[in-house]
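Numbering (our numbering), first residue to last: 2 to 128.
Virtual Cβ for every residue (Gly too), placed ideally from N, Cα, C.
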């Protein structure tokens with residue numbers, strides 16, 4: 002049995018058939034845009050650094066509503082990470098989130114305690 006290699010491998014009739022390249026590039030991005038990886042050192046005063054609220058996050062995680070306390074604790078750690086990397090805008094945003102989640106956990110914890118005590122008193126009076 003003789004194989005005919007010429008019938009399987011024929012030359013293309015034009016150059017455009019021979020090479021088909023698809024470039025997948027996001028719309029609107031320039032592949033030749035120069036990148037600037039140099040960051041200028043930024044000097045901040047210790048009083049201007051955002052607080053991490055780790056104590057409030059830990060206390061609300063242990064004593065109040067733990068799901069929101071855990072989120073607050075994670076955001077408080079993001080503050081320290083962002084400050085060490087020099088990303089102060091992310092640190093400020095994480096600091097605000099940590100504070101807000103700690104407050105929400107405190108409110109939820111106090112509300113849960115009040116509802117529990119009220120339901121216990123009502124249950125005891127109905128019995």
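task = Confirm, please, whether the CB-CB distance from residue 61 to residue 73 is below 8 Å.
result = Translated into positions along the chain shown, residue 73 becomes position 72. Translated into positions along the chain shown, residue 61 becomes position 60. Judged by beta-carbon spacing, residue 61 lies within the 8 Å limit of residue 73, meaning their Cβ atoms are closer than that value.
query = Under three-state DSSP, which class holds residue 110?
reply = Against the chain shown, residue 110 aligns to sequence position 109. DSSP places residue 110 in the helix class (H, G or I) of the three-state scheme.
task = Take the Cβ of residue 84 as the centre, count every other Cβ of all protein chains shown within 10 Å, and call the residue buried at 16 or more, exposed below.
result = Numbered from 1 along the chain shown, position 83 holds the residue referred to as residue 84. Buried.
ask   = DSSP state of residue 126, grouped into three classes?
value = Along the chain shown, one-based indexing puts residue 126 at 125. DSSP places residue 126 in helix when its eight states are reduced to three.
message = If you measure between the beta carbons of residue 80 and residue 53, is that distance less than 8 Å?
response = For the purposes of this step, residue 80 is identified with residue 79 of the chain shown, where counting begins at 1. For the purposes of this step, residue 53 is identified with residue 52 of the chain shown, where counting begins at 1. In this structure, residue 53 lies closer than 8 Å to residue 80 by Cβ.
ask   = Using the C-alpha atoms, what's the distance from residue 78 back to residue 55?
value = Position 54 of the chain shown, counting from 1, holds the residue named residue 55. Position 77 of the chain shown, counting from 1, holds the residue named residue 78. Their Cα atoms are separated by approximately 7 Å.
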